[in-house]
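Visitor: Chains as they are written, first to last, in my numbering: chain A, 18 to 517; chain B, 18 to 517. Using N, Cα and C, we set each Cβ at its ideal position, and we do this for glycine too. Note that the structure is predicted; figures quoted are calculated from it, not measured. One structure, pasted below without further comment.
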C-alpha cells in the first residue's frame with residue numbers, strides 16, 4: 018500500500034505524483050471489494066460493498082427527488098438511430114461513443130460449437146444503446162403533453178447508460194454506468210431555468226451533506242455544454258490528486274428537444290407553443306468522488322451517512338472460554354446500536370486475527386471501530402477508534418453506546434471541513450499563464466484565473482496545459498482583469514483544472 | 018369499456034373470449050397510465066403510475082432477499098458472444114432472441130444530416146445485450162471463489178434484460194424487461210437444491226401475500242426447463258382469461274456453469290471441486306399478473322399492499338364557499354391516514370367533476386375511496402367505497418380513520434380468496450383428451466391430467482392444443498393413471514394450460 022494524502026489528520030498536504038494516486042485508487046477499489054473490471058472492455062462489475070455504497074447514495078437522493086415533486090418512470094434502453102439525429106448538436110456530441118445494436122439473433126453450429134451473428138436477422142434500423150435519454154423521452158412526451166395543465170411534467174429515471182470509453186477507470190469513467198436522469202417539461206423559459214437551478218442546488222446540498230464533498234457551483238462555457246443544451250450548470254469538486262471532477266450537471270435545454278420532437282402545448286390563451294425543457298443527472302462516478310475525496314494511505318474513509326457499515330465491532334479473545342462471552346457481549350452492543358437505526362457489523366470470524374481485521378475494516382473505510390477484549394468485559398468498557406483521525410479511546414460501554422450517534426455526526430461534518438480545507442489549499446488565484454502551468458505540472462488543483470470569454474483561448478489553454486474551464490463560478494464577485502492567455506479584457510475569474 | 022370478469026363481487030365467472038380480455042388489457046394498461054409501447058418494437062415505457070406499482074413490488078422483495086442473506090451487486094449489460102457459447106444448452110436456448118452490439122460509433126454527415134454506423138468502428142467480438150446473466154456472473158465468480166470459506170455466495174441483481182419478442186404484450190412479454198436475478202454458489206448439490214427451493218418458497222409467499230395472487234408450485238418438465246438448468250422450479254398462476262402465467266422461476270443449475278467457466282473451490286479436505294449453482298428471478302411481468310388476476314369491467318383492482326395510492330379522497334363541493342372548508346377537511350383526514358403509514362391522495366382538482374374522478378380512480382384500481390360532501394361536513398361523516406366489491410357506506414369520520422387499516426388488510430385477504438376461488442373454478446381434473454380440448458377451446462383454465470412423462474407426448478399435445486405442461490405440481494398425491502394422450506401408465510397428474 019502506498020503512502021498517501023493527507024499526511025496528517027487535518028489538512029496538511031503532501032504533493033504526490035498523480036500516477037501514485039492512480040495506482041492507489043485501483044488498488045483500493047479492488048481490495049475494498051467495491052468493483053472490478055469486467056471482461057467487456059470499459060464495463061465494470063459493482064461488487065456487494067460497492068453496491069451498498071451506491072444504494073446509500075441513491076436512496077436519499079431518490080427521496081429528495083420525491084420531495085421536490087418528481088416522479089420516477091422508465092424509458093427504453095434502445096433508441097432508434099434516427100431519433101438521435103433529430104437534434105443536430107446532440108447527435109454530434111454522442112456519435113463518437115455509441116454502442117450500436119444491429120442484429121437480433123445469433124446462430125449456433127452444434128457441431129463446431131461456433132457462435133456467430135445471424136446475417137438474416139439484421140434490424141431494419143440500427144438501435145443505439147442510450148447514452149442519455151433526451152431523445153426517447155421527448156418522443157414520449159409528445160404524447161403526454163397537450164395543454165398547460167399537463168405542465169410542469171417532472172420525471173426522473175434510474176437507469177444504465179452506455180458511452181464507449183477509450184480510457185476507462187472504475188466508477189470514474191466506465192462504458193456502462195448507472196445514473197439518474199431527470200427530464201422535465203415546462204410552460205415557460207423562466208420556469209425551466211428555475212428548475213435547472215433548483216436541481217443544481219439539490220445536488221450541491223446532497224453531495225455536501227451526504228458525501229461530505231465540497232463543490233463549486235457554476236455554469237459551463239459554451240464549449241463544455243451538454244450537447245443540445247442552451248445552458249449547462251455544474252457542481253465541480255477537486256480530488257486529492259489535484260484533479261477536478263464534475264460531480265453533477267443540470268441543463269436548461271430551451272426548446273431544442275421540443276422542436277426536434279414536435280412537442281407543443283396549448284397555453285392558457287389557447288395558442289400552441291413549444292415546451293421548455295431541463296435535464297439533470299448524477300451517476301456512479303460519485304462513488305469514485307467519495308474515494309478520492311476522503312481516502313488515505315490506509316484505504317477508504319467513508320462518510321457515516323453513506324457508509325454501508327457505520328460501526329465495526331471486533332471482539333478479541335485469547336482462549337475459547339473467553340470467546341463465547343466476548344462475542345455475545347459484542348452482539349449485545351450491536352443490538353443496542355442497531356436499535357438506534359445504525360448500520361453495524363460484528364466481525365467475529367474465527368479465521369482471522371484482530372490485527373488483520375483492524376486493517377481490513379480500515380481499508381474498507383468504516384467510520385468507527387469498537388474493539389472489545391477480555392479486560393473490557395471485566396470493566397464494562399470498550400475501545401473506540403476513529404477511522405478518519407486514527408484516534409483511539411476507551412469508554413464505559415453505556416457512554417459509548419449513547420454517544421456513537423453524535424460521534425458519527427461529528428465525523429460527517431469533520432470530513433466535510435477537512436475536504437473543504439484541502440480544496441482551499443489546492444485552489445490558486447493566478448494571474449500569469451506561466452504560474453498556472455507551473456502549478457498544474459507540480460500538484461494540480463483549482464486555478465482561478467481571468468479568461469477572455471472566447472472558445473479559441475479556452476481550446477488553446479486546453480491544448481497546451483490539459484486544463485479545461487470547469488465552470489464560471491456563481492459565487493464570485495465580478496472583477497475586471499486581463500485574460501491570462503490573450504491579455505484581453507475579462508469580467509470574471511473562471512475555474513481551470515485538469516479533470517477526470 | 019368492455020364487460021368483464023368477475024361478473025359478481027365474489028366468484029361467479031362468465032366465460033369470455035380471450036380476445037376480449039386482450040383488448041381490455043391493452044386499454045386498461047394505457048388508460049390507467051401504467052405503460053405504453055415505445056417506438057422500438059417490443060420495448061415499453063413504464064409510466065409513473067406503473068413504475069410506482071413496480072417499486073411497491075420491488076421493495077418488499079428486496080427486503081426479503083436481504084433477510085435471507087442475499088447481497089445485491091451489479092454485473093455488466095454486455096456479454097461477449099463467446100461467453101454465451103460456453104454452456105451449450107444455454108446458448109441454444111437464447112440464440113433466437115439476442116440483441117447484438119456490433120459497433121461502437123456512428124457517423125454523422127453535417128450536410129445531409131444523415132446518420133449511419135461507422136464501419137471502421139466494428140467490435141472485434143460482438144457483444145450480446147444480456148438476456149440473463151449466468152455467463153457473465155459465473156465468469157466473475159471464478160475470481161470470487163477460492164475455498165469453501167467463500168461459500169455460499171448469495172448474490173442478487175436488479176437489472177434490465179433483453180430478449181427479442183415477436184409478439185410483445187406490455188409487461189407480459191416485452192423485449193426489454195426489468196427483473197431481479199439471484200445467482201448463488203454452494204459447496205454441495207444438496208445445499209444448492211435447498212436454496213433453489215427456498216427461493217421458490219419465498220416467491221410463493223411474496224406473490225400470494227403482496228400481490229394476492231394464488232400460485233401453484235411445481236417443477237418444469239425437461240422440455241420446459243431453463244436453458245442450462247438441471248431442474249427448473251416454478252410458480253404458476255391462472256389469469257381471468259383462463260391462460261396461465263409463469264410468475265417466477267428458480268433453477269438448480271448443478272455444476273453446469275461452474276464447469277463452463279471453470280469455477281472450482283478447495284473443500285475442507287483440501288480438494289478442488291466444481292461449485293454448485295442456482296439462479297432465480299421474477300420480473301415486471303408480475304405487474305401484468307396483477308392486472309389480469311384482479312381487474313374487472315371498471316379497470317384495475319390493486320391489492321392494498323402494492324397499490325401506489327391506497328385511499329383516494331374526493332372532496333365534493335357545490336359552491337366556491339363550500340370548497341375551501343371541504344378541501345381542508347379532506348387534507349386533514351389525509352394527514353391522519355398518512356400518519357398511520359398509508360399512501361393517500363386527495364383529488365381536489367377543480368378541473369374535473371366528482372363523477373369523472375370516481376371513474377378515474379376506479380379505473381386506476383385504488384382499493385378504497387372516501388367521498389366527502391357538504392352534508393358530511395355538518396354531520397362529521399364520510400362515505401367509504403370499496404373498489405373490489407363496489408359497496409359503499411357512510412361512517413363517522415373518526416371511526417373510518419380508525420378502521421381503514423383493517424379494511425385494507427381485509428381487502429388484501431379478500432382479493433386473494435376471490436382469486437383462489439376463481440382459479441379453483443377454472444381448474445379441471447380431466448381424464449379424456451377430448452374433454453381437455455373442449456375445455457381449452459371454450460374457457461381455458463388449468464387442466465390436471467395424466468401424462469406419460471415423455472417429451473414426445475408433451476410436444477404432441479402442445480402442437481395439437483396449444484397447451485403446455487405448466488408444471489408437475491409439488492402438492493398432489495401420487496395417483497396411478499393413464500396418460501390422457503398415449504394411454505400409457507402415469508404416476509401423477511400434471512398441470513396443463515395455454516399460457517402467456
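Exposed or buried, which one is residue 373 (chain B) when buried takes at least 16 other CB atoms within 10 Å?
Guide: exposed
Visitor: I'd like to know whether the C-beta of residue 505 (chain A) is nearer than 8 Å to at least one C-beta of chain B.
Guide: no
Visitor: If you run the structure through DSSP and keep just helix, strand and coil, what is residue 80 (chain B)?
Guide: helix
Visitor: Cα separation between residue 430 (chain B) and residue 320 (chain B)?
Guide: 9 Å
Visitor: Tell me which residues of the region 86-97 of chain B have at least one Cβ-Cβ distance to chain A shorter than 8 Å, keeping chain order.
Guide: 88, 89, 90, 91, 92, 93, 94, 95, 96, 97
Visitor: Cα separation between residue 89 (chain A) and residue 53 (chain B)?
Guide: 15 Å
Visitor: Are the C-beta of residue 134 (chain A) and some C-beta of chain B separated by less than 8 Å?
Guide: yes
Visitor: Put residue 215 (chain A) into one of helix, strand or coil per three-state DSSP.
Guide: Helix at residue 215 (chain A).
Visitor: Beta-carbon of residue 144 (chain A) versus every beta-carbon of chain B: anything under 8 Å?
Guide: Between residue 144 (chain A) and chain B, the shortest Cβ-Cβ separation is below 8 Å.
Visitor: Output the distance between the C-alpha atoms of residue 294 (chain A) and residue 163 (chain A), rounded to the nearest integer angstrom.
Guide: 15 Å
Visitor: Classify residue 273 (chain B): buried if its beta carbon has 16 or more other beta carbons within 10 angstroms, exposed otherwise.
Guide: By the 10 Å Cβ count, residue 273 (chain B) comes out buried.
Visitor: If residue 277 (chain A) sits next to residue 408 (chain A), beta carbons under 8 Å apart, how far is it from one beta carbon to the other, in whole angstroms?
Guide: Incorrect: roughly 57 Å between the Cβ atoms, too far for contact.
Visitor: Rounded to a whole number of angstroms, what is the C-alpha to C-alpha distance between residue 239 (chain B) and residue 470 (chain B)?
Guide: Between residue 239 (chain B) and residue 470 (chain B), the C-alpha separation is close to 10 Å.
Visitor: Just to confirm, is the Cβ distance from residue 230 (chain A) to residue 516 (chain A) under 8 Å?
Guide: With respect to residue 516 (chain A), residue 230 (chain A) sits apart: the two C-beta atoms are not nearer than 8 Å.
Visitor: Closest to residue 200 (chain A) by C-alpha separation, out of A:254, A:466, A:168, would be which residue?
Guide: A:168
Visitor: For a cutoff of 8 Å on Cβ pairs, would you count residue 1 (chain B) as touching chain A?
Guide: The shown model of chain B, from 18 to 517, leaves out residue 1 (chain B), and the question about it has no answer.
Visitor: Give the secondary structure of residue 369 (chain B) by DSSP, where H, G and I count as helix, E and B as strand, and everything else as coil.
Guide: coil
Visitor: Quick one, which residues of the region 114-132 of chain B are near chain A if we go by CB-CB under 9 Å, in chain order?
Guide: 114, 115, 116, 117, 118, 119, 120, 121, 122, 123, 124, 125, 127, 130, 131, 132
Visitor: Rounded to the nearest angstrom, what separates residue 495 (chain A) and residue 66 (chain B) at their Cα positions?
Guide: 47 Å
Visitor: Of all the beta strand (DSSP E) runs that stay within the bounds of the region 305-375 of chain A, which reach a length of 3 or more residues?
Guide: 328-332, 361-363
Visitor: Are residue 267 (chain A) and residue 216 (chain A) touching if we call contact CB-CB under 8 Å?
Guide: yes
Visitor: Which one or two residues does DSSP pair with residue 284 (chain A) in a beta bridge?
Guide: Bridge partners of residue 284 (chain A): none, in fact.
Visitor: Give, in chain order, every unbroken run of the beta strand (DSSP E) that is at least 3 residues long and sits entirely within the region 129-203 of chain B.
Guide: Secondary structure in the region 129-203 of chain B: the beta strand (DSSP E) runs of 3 residues or longer, each lying completely within the stretch, are 131-134, 139-146, 170-179, 193-203 in chain order.
Visitor: Any residues in the region 152-166 of chain A with a beta carbon nearer than 9 Å to a beta carbon of chain B? Which ones, in chain order?
Guide: 153, 154, 156, 157, 160, 161, 166
Visitor: Below 7 Å on C-beta distance, what does residue 368 (chain A) contact in chain B?
Guide: Those within 7 Å of residue 368 (chain A) in chain B are 166.
Visitor: By the 10 Å Cβ neighbour count, where 16 or more other Cβ atoms means buried, how is residue 46 (chain B) classified, buried or exposed?
Guide: buried
Visitor: By Cβ distance, which residues of its chain are closer than 6 Å to residue 185 (chain B), with the 5 residues on each side in sequence left out?
Guide: Counting only Cβ-Cβ distances below 6 Å, and skipping sequence neighbours, we find 59, 191.
Visitor: List the DSSP bridge partners of residue 511 (chain B).
Guide: B:466
Visitor: Going along chain A in order, which residues have a C-beta closer than 7 Å to the C-beta of residue 80 (chain B)?
Guide: Near residue 80 (chain B) there are no residues of chain A at all, since even the closest Cβ is about 13 Å away, more than 7 Å.
Visitor: Alpha carbon to alpha carbon, how far is residue 480 (chain B) from residue 454 (chain B)?
Guide: 12 Å
Visitor: Check the Cβ of residue 112 (chain A) against every Cβ in chain B and list those closer than 9 Å, keeping chain order.
Guide: 122, 123, 124, 125, 132, 135
Visitor: In chain order, what residues of the same chain lie with their CB nearer than 6 Å to the CB of residue 173 (chain A), ignoring the 5 residues before and after it?
Guide: Same-chain partners within the cutoff: 82, 87, 89, 197, 199.
Visitor: Suppose you measure from the CA of residue 512 (chain A) to the CA of residue 288 (chain A); what does that come to, to the nearest Å?
Guide: 43 Å
Visitor: Quick check: what's the CA-CA separation for residue 29 (chain B) versus residue 233 (chain B)?
Guide: Confidence at residue 29 (chain B) is low in this model, with a pLDDT of 41, below 50, so its placement is unreliable and no value can be given for it.
Visitor: Which word fits residue 485 (chain A), buried or exposed, when buried means at least 16 other C-beta atoms lie within 10 angstroms of its C-beta?
Guide: buried
Visitor: For residue 98 (chain A), which residues in the same chain have their Cβ closer than 8 Å to its Cβ, ignoring the five residues on either side in sequence?
Guide: Correct list, in chain order: 117, 142, 143, 144, 145.
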